[in-house]
Each structure stands twice: as C-alpha cells, then as structure tokens.
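As structure tokens, the structure follows; a few thoughts come after it.
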Amino acid sequence: MSEPARFLGTLAQALSGMTLYGDGHPARERGIDAAYQELLDLQREVPQPMFTFLGDEVIFGRQPLRDLRNWDWSARFAEAGIQRLEFEERVSREEFEGFLDQMLARITFADIDTSEARQLGPSSIKFGAVGVRGGAELAVDEVQSTATITFSLGEEVETIRWLHDEVQKRDTLPLAEAEAVVRSLSVAMHGDRQMMLPLLQLKQFDQYTTTHSLNVAVLSMALAEYLGLGAADVRAFGIAGLLHDLGKVKIPIEVLTKAGKLTPDERVLMSRHPVEGARLILESEQELDLAAVVAYEHHIMLNGLGYPQLRFRRKCHEASNLVHVCDVYDALRTTRPYREAWPVERVLPYLEGRAGLEFDPSYVNAFITMMRRWESQVALIADEKTPLPAHLAAAVAGMGAPAPSQSAGPTSTD
Ligand SMILES: [Fe+2]
Ligand SMILES: [Fe+2]
3 MSEPARFLGT LAQALSGMTL YGDGHPARER GIDAAYQELL DLQREVPQPM FTFLGDEVIF
63 GRQPLRDLRN WDWSARFAEA GIQRLEFEER VSREEFEGFL DQMLARITFA DIDTSEARQL
123 GPSSIKFGAV GVRGGAELAV DEVQSTATIT FSLGEEVETI RWLHDEVQKR DTLPLAEAEA
183 VVRSLSVAMH GDRQMMLPLL QLKQFDQYTT THSLNVAVLS MALAEYLGLG AADVRAFGIA
243 GLLHDLGKVK IPIEVLTKAG KLTPDERVLM SRHPVEGARL ILESEQELDL AAVVAYEHHI
303 MLNGLGYPQL RFRRKCHEAS NLVHVCDVYD ALRTTRPYRE AWPVERVLPY LEGRAGLEFD
363 PSYVNAFITM MRRWESQVAL IADEKTPLPA HLAAAVAGMG APAPSQSAGP TSTD
C-alpha cells in the first residue's frame, strides 16, 4: 500500500476509535498517535500533502490513489463536505487531534459550534468543501479555507496533443492518458472553495482541436455535475467531451484551418469525423461505448437534421445532447479562420433560440442557468502555461470581452 493510502487508513481508524472511546481512553489515544505518526512519515516525502475526495475516488496531489478506489470513507468525507484536505508543514499533535474532532463532528453530523471552531484560529490543516453541486450555496463561514490551486493546464494540453498524435499515427487511443486528463481537469475544477471552469483561449488556429477538446471536457463535466450526476458519470461525460471530435485527427490540417468555403469533397471529409471518431474509439476501447456514441451523435440535431444522417429518426443519447450544447458553445466562443469569436451575451441567446430545434431544451436551459450562475467562476486562460488564478474575479472581465463583430456570419460549429 502506498504511503498516502496508509495514512488515510490510519486516519479512518483513528476516527472510528474516537466514536467508540471518550477523551483520554488509551485506545483512542493510540489511534490518534498512529495516524499522527503516519502523517509525519508521509510529510518526509511530501511536506504539504493534499487529498481530494471525489466520491468514489481519492486524489493525492494530482494522482488518483488506485489502492483506495471505492474506499468507503472517501464518499463519507465528500458527503460531509470534506472534499479537500491539506496539511502544511509542522502540524502539532494537538492541532492534529483538534482537526480530528472537527472531522468527526462533520461526519457524524453533530452540531458544530462554529464560533468555537473559528476560535481554533489559523490552522496548519485545512479542509472543506471545494465544489458546488446543483448550485447550492456554500456556507463559506463554516468552511475553513481550502488550498488555492495554482497549477497550469500545460500538462493536460500536452497530453491531449500527444493523444491526438498517437491516434493519428497508430489508430489506437491511449485510454489511460485520456482518463488522466479528465481526472486532472476535475481536480483543477474543484478549485478554491467553489467550482471553477478553466477554459482555454485559442492562440493558433491549428491548435483548435486540442483547445476545443479540453474546453468541451470541462464544460461537459461542469454541466453533468451541475445536474447532480455522480462522480463516475461526471468523469464519463468528461471523457466523452474530450473525445467527441477525435475523428478530426484524420482530417488534413489545411482543411481544418481553411478560411474560405470548403469544397464539396472537403465537406464530405469534414462530415465524416463523427463516424470516424466513433470507429477509432470503439476499435481501441470497447468499454468506451458512451464516448463512441457521443462522437457519433454530437452533430445530430434534435429535429433529426445535422450529420451523420440517420436512416430512421431516433432520439440521441442524453450524453450526446449534453455534449452537443457544450460543443456549440465553445465553438462559437472561439475565433475561427472564417469568423470572430462571439461574446457570451450573443452565444447564450443563440443557444436558447435553437432549443427544441437543434438542442434538447432541458440541457440548453440547464447550461444557460449554469453559465449565468457560475459566471464569476469561469476562468479564461490565455496561455496554458499560466497558473490558474486563485480568485477568478479578474477573469470575469474576460467573459464579455473582447467585443467581436456582431455581423451575421456563418454559424458553422465544426
Ligand atoms: Fe464535431
Ligand atoms: Fe466539437
């Protein structure tokens, strides 16, 4: 078992012991001592360990702890509003015990006297809720401040680029890396006390598929979480968002970045990307059937138009309907060779106007409400190497700016 997993094991044992034995009982003290010792051991390797509890999964720093998959306590912590746990260097035994008391109070839903909790003052142990589910308000007062995530999206972008190269060269999708990107994005999104949506801005036209895949993954996960789906489903939607345009790796870059009108042959090539993407996904990984369905269906409209054309009209999968809205949002928000990016104030009414025709109205409505409610949590990242901002207020300004042309240009969302 890994060191971080061992520490969490002793932490859970100490908490169990505390529910059974009162203050000063030797068994209780032994449990606390053991967990404290494990923490000190862990801190020799990692001075400031950080854990994220995403329901069925535990992330240590940015790595999932495989040996703690489906660990009961992770769900228990997450449900008690403890989704992030961070230790600074030099935690005293006394502080550690105080922290365990507070953890226990949360887990057992005992009344916690917040004034007393605050008297504990600045602590070297921070824990709290880091995501907002279903738009519920977070009682920030009661939550000790959580760590600020300051890493950039550089690694994720590089991995997506590499992933696309692999698919192009070898026709196989490296699934572990795709999953790692989604996990890592999920950690980045559960930022500082509240959900955040890091969206990359396109710098070069030839990087569109990379940037767009990342953004659609982020938006799809955000919307799935906003709708109250569980952690595993949220990640499955994230994978589907990440891979929806995978078929584009087979399209020559000149066609993808063409400023003018596509020739009929080029259009045929372009319109094959959903089928091609679904094929690539299924041939590499049968388990990814949801992502394959989404890749296949993400340009099919609610009214049956779009492509590929279905021989018999049928409903698309819910995941396809959800990703479809996120896909068009990001496409319109991005400057393309043939048109400027649209501002949010133009994109949202456009989506609304196409509810019932192109989009499933329930997803459009949820998406619009989410974007309005979480407006201040959208971080537009101009450069993937830039550390994500701690507080996103500054990024809000970017939501409406720059003011691109309002001319009625083509609304191609490829
Ligand atoms: Fe597409
Ligand atoms: Fe797309």
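All letters in the sequence shown, in the order written, are residues 3 to 416 by my numbering.
Note that the Cβ used here is the ideal one computed from N, Cα and C, for glycine as well.
On a predicted model such as this, the values are computed, not experimentally measured, just so you know.
Figure out for me which residue from the options has the closest Cα to the Cα of residue i.
| i | options | result |
| --- | --- | --- |
| I255 | L70, F207, E99 and Q65 | F207 |
| I241 | H192, K260 and L221 | L221 |
| R281 | E268, V296 and D267 | V296 |
| E88 | A29, P6, E354 and W75 | P6 |
| L175 | L284, G156, N217 and G243 | L284 |
| D416 | P28, T337, A333 and R64 | A333 |
| V257 | E287, M105, L324 and V270 | V270 |
| S215 | V189, V183 and A234 | V183 |
| A107 | R68, V93, I84 and L165 | I84 |
| D247 | H326, L229, A190 and G230 | H326 |
| I61 | Q50, S76 and V48 | S76 |
| S18 | E91, M105 and L231 | M105 |
| T259 | Y340, P49 and W164 | Y340 |
| N72 | D58, G100, F239 and R163 | D58 |
| T21 | D103, A233, A293 and H166 | D103 |
| A16 | M3, W344, G26 and D35 | D35 |
| G355 | E81, I370, P345 and E342 | I370 |
| T110 | S126, R86 and A82 | A82 |
| L204 | T54, A343 and T265 | A343 |
| E47 | S4, R335, S126 and R374 | S4 |
| R185 | E31, P66 and G308 | P66 |
| R68 | E181, L353, R374 and G24 | E181 |
| L56 | E287, G33, T265 and E227 | E227 |
| W376 | A294, V346 and S94 | V346 |
On the DSSP letters alone, give me the boundaries of the beta strand (DSSP E) that residue i sits inside.
| i | result |
| --- | --- |
| T54 | M52 to F55 |
| V60 | V60 to F62 |
With respect to 7 Å, is the separation between the Cβ of residue i and the closest non-hydrogen atom of ligand 1 below this value?
| i | result |
| --- | --- |
| D247 | yes |
| D332 | no |
| D416 | yes |
| H301 | yes |
| H275 | yes |
DSSP puts residue i in a beta bridge; with which residues?
| i | result |
| --- | --- |
| P200 | A381 |
| R338 | R341 |
| H300 | DSSP output for H300 lists no bridge partner at all. |
| A357 | F361 |
| H192 | M197 |
| Q206 | Looking at the DSSP assignment, Q206 forms no beta bridge with any residue, so it has no partner. |
| Q104 | Paired residues: none, contrary to the question. |
| P66 | I61 |
| G308 | I302 |
Please report whether the beta-carbon of residue i lies at a distance below 8 Å from any beta-carbon of chain B.
| i | result |
| --- | --- |
| G33 | This model lacks chain B altogether, as it is built from one protein chain only. |
Is the beta carbon of residue i within less than 7 Å of some heavy atom of ligand 2?
| i | result |
| --- | --- |
| D69 | no |
| D208 | no |
| H214 | yes |
| V218 | yes |
| D103 | no |
| D362 | no |
| D167 | no |
| D385 | no |
| D329 | yes |
Terminal residues of the continuous alpha helix (DSSP H) containing residue i?
| i | result |
| --- | --- |
| T371 | P363 to R375 |
| S215 | Y210 to Y228 |
| K171 | G156 to R172 |
| Q15 | E5 to L22 |
| R237 | A233 to L245 |
| F314 | Taken as a continuous stretch (DSSP letters only), F314 belongs to no alpha helix (DSSP H), as it is neither H nor E. |
| V277 | H275 to S286 |
| L264 | No alpha helix (DSSP H) holds L264; DSSP gives it neither H nor E. |
| L42 | P28 to E47 |
| L248 | Neither: L248 is in no alpha helix (DSSP H) and is coded neither H nor E. |
| R417 | Because residue 417 is not part of the residues shown, which for the chain are 3 to 416, the question remains open. |
| E256 | I255 to L258 |
Measuring CB to CB, does residue i end up less than 8 Å from residue j?
| i | j | result |
| --- | --- | --- |
| P363 | A357 | yes |
| G306 | V277 | no |
| I383 | L187 | no |
| T213 | L202 | yes |
| V251 | V169 | yes |
| L41 | F79 | no |
| V218 | E386 | no |
| V236 | R64 | no |
| A224 | M272 | no |
| A368 | L229 | yes |
| C318 | E299 | yes |
| F98 | Y38 | yes |
| M197 | A381 | no |
| L177 | L292 | no |
| I302 | H275 | no |
| L324 | L359 | no |
| V349 | R335 | yes |
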